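Q: One structure is given below, represented as structure tokens, and several questions about it will come after.
There are 2 protein chains.
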Amino acid sequence: MTALSHPDLTRNQALVLKALDSAEGPLGAYAILDALRDKGFRAPLQVYRALDKLLEFGLVHRLESINAFVACAHPECHAHSTIAFAICEKCGKVSEFGDKEVEGRLESWARAHNFKASKTTIEIRGRCEKCAEEAA
Amino acid sequence: MTALSHPDLTRNQALVLKALDSAEGPLGAYAILDALRDKGFRAPLQVYRALDKLLEFGLVHRLESINAFVACAHPECHAHSTIAFAICEKCGKVSEFGDKEVEGRLESWARAHNFKASKTTIEIRGRCEKCAEEAA
DNA sequence: TCCAGTTGTGTTATGCTATAACGTATGGCA
DNA sequence: TGCCATACGTTATAGCATAACACAACTGGA
């Protein structure tokens, strides 16, 4: 799906990124672990440590509301700006988008309250276009 | 802190709400459980079931990014609109605020993509004014 | 009145998510 | 060579959440 190249990924990091990248939707850490058992992965920490680095590099995002991870859709521009996610609760599809207006409003709230933001999470859960049509 | 009255809270629901309301900051489900052991609580499910109802009533919010719960700061107007949270990672203080502009932008993204939103999460983590001053 | 359906409850067991603490290996560099 | 930083592997454990079962209390009809 996306470019998998990054300067200095270790073997484990590359494997975890590849697993996420080739998945249909977000994966939990244990799902990643299972996907990589045949590559020699045995323990959750192997996954979590790789994820920590990939998150730091901006190649992976964590979806807080569902405790899962996705490969970044735009890994070239690893702008560390605020990103919003729309997560389909039926099919798992995740759309990633930025909105300068939203980002600006949240920043200005923070400034007004002397709140020093370190990480901002915006996640919309619901039904994607396709799944909404088939809704019950 | 806030009004604890609500039409039809059961004993367990009222106890959980009271525990959250009298806490300094957000509480995890197991912290609530521990706080209510002397009221007869023995199992996590007693807490989670009460929380489910309180969330449904809009009297409690779940903070997805830290797996914890807070009493709603404005329980009178249980407007189920989108709310943003600023969470201090040092002292745990949570500020709750709404922003129509932000809400509007996210809604319009959803409309444009035929995404049917069911729940929106906005959480800013960082340092509150007081804790930012003492920062390392 | 009695029955059925719904909601809340209590309990045990289990599953999923994440990290602590230890030791080892490897690569860069003075 | 010796040191340091980083990654790795393993075991154990902590923290968060739900499944499945049984029982009690209430409600609204037939």
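Top line first, the protein sequences correspond to chains A and B. Just so you know, we're using UniProt numbering here: the first sequence kicks off at 1 and counts up by one. Just so you know, we're using UniProt numbering here: the second sequence kicks off at 1 and counts up by one. C-beta: ideal position from N, C-alpha, C; glycine also. Just so you know, these numbers come straight off a predicted model, no measurement behind them.
#1: Which of the three DSSP states is assigned to T41 (chain A) in this structure?
#2: If I'm right that R47 (chain B) touches L54 (chain B) with Cβ under 8 Å, what's the distance once you round it to whole angstroms?
#3: Reducing DSSP to helix, strand and coil, say where A86 (chain A) ends up.
#4: Quick one, are the C-beta atoms of K116 (chain B) and G126 (chain A) less than 8 Å apart?
#5: Counting only C-beta atoms, is F69 (chain B) closer than 8 Å to chain A at any point?
#6: With a CB to CB cut of under 8 Å and the five nearest residues on each side skipped, what residues in its chain are close to L63 (chain A)?
#7: In the DSSP assignment, what are the bridge partners of K119 (chain A)?
#8: Take the Cβ of S65 (chain B) as the centre, count every other Cβ of all protein chains shown within 10 Å, and call the residue buried at 16 or more, exposed below.
#9: Classify A43 (chain B) as buried or exposed, calling it buried when 16 or more other Cβ atoms lie within 10 Å of its own Cβ.
#10: If distances are taken between C-alpha atoms only, which option among A:A132, A:G98, A:I83, A:G58 comes closest to residue 137 (chain A)?
#11: In whole angstroms, what is the alpha-carbon distance linking N67 (chain B) and T82 (chain B)?
#12: Go ahead and pull the three-state DSSP assignment for S65 (chain A).
#13: With distances taken from CA atoms, which of A:R11, A:E107, A:S118 is nearest R49 (chain A)?
#14: Please list the residues of the region 95-121 of chain B that have a C-beta atom closer than 8 Å to any C-beta atom in chain A, keeping them in chain order.
#15: Give me the residue from A:A35, A:V102, A:S118, A:K39 with the minimum Cα distance to S108 (chain B).
#16: Are the beta-carbon atoms of residue 163 (chain A) and T121 (chain B) separated by less than 8 Å?
#17: Per the DSSP calculation, F57 (chain B) is bridged to which residue(s)?
#18: Output, in chain order, the set of chain A residues within a Cβ distance shorter than 7 Å of C128 (chain B).
#19: Tell me whether the beta-carbon of H113 (chain B) lies closer than 8 Å to the beta-carbon of E129 (chain A).
#20: Tell me which residues share the same chain as A19 (chain A) and place their Cβ nearer than 8 Å to its Cβ, disregarding the 5 neighbours each side in the sequence.
#21: Counting along the chain, where does the alpha helix (DSSP H) carrying E134 (chain A) start and finish?
#22: Sort B:E96, B:H74, B:P75, B:S118 by Cα distance to E89 (chain A) and report the nearest one.
#23: I'd like to know whether the C-beta of I124 (chain A) is nearer than 8 Å to at least one C-beta of chain B.
#24: Give the range of the alpha helix (DSSP H) segment to which S95 (chain A) is assigned.
#25: Tell whether a beta-carbon distance below 8 Å holds between A73 (chain B) and L51 (chain B).
A: A quick look at the data gives this:
#1: Reading off the sequence, residue 41 (chain A) comes out as Phe, not Thr. If DSSP states are grouped into helix, strand and coil, F41 (chain A) belongs with coil.
#2: Residue identity check: residue 47 (chain B) is Val in the sequence provided, not Arg. Rounded, the Cβ-Cβ distance is 10 Å, inconsistent with contact.
#3: strand
#4: Yes; because the gap between Cβ atoms is below 8 Å, this pair is in contact.
#5: no
#6: Excluding residues within five positions, the ones whose Cβ falls inside 8 Å are P26, F69, V70, F85, I87, V94, E123.
#7: B:R125
#8: Flag for S65 (chain B) reads buried.
#9: Result: exposed.
#10: What the structure shows of chain A is the stretch from 1 to 136, and residue 137 (chain A) is not part of that stretch, so it cannot be assessed.
#11: 18 Å
#12: In the displayed model, S65 (chain A) falls within a helix according to three-state DSSP.
#13: A:R11
#14: S95, F97, D99, E101, V102, R105, L106, W109, A110, H113, N114, F115, K116, A117, S118, K119, T120, T121
#15: Checked all of A:A35, A:V102, A:S118, A:K39; the closest Cα to S108 (chain B) is A:V102.
#16: Outside the shown range of chain A, which is 1 to 136, sits residue 163 (chain A), and nothing can be said about it.
#17: Residue pairing by DSSP leaves F57 (chain B) without any beta bridge partner.
#18: Under the 7 Å cutoff, chain A gives F115.
#19: yes
#20: Shown here for A19 (chain A): same chain residues with a beta carbon closer than 8 Å to its own, the five before and five after excluded, namely L27, I32, A35, L36 in chain order.
#21: Per DSSP, E134 (chain A) belongs to no alpha helix (DSSP H) and is neither H nor E.
#22: B:S118
#23: Answer yes: the Cβ-Cβ gap between I124 (chain A) and chain B drops below 8 Å somewhere.
#24: Run containing S95 (chain A): none in the alpha helix (DSSP H); it sits in the beta strand (DSSP E), 94-97.
#25: no
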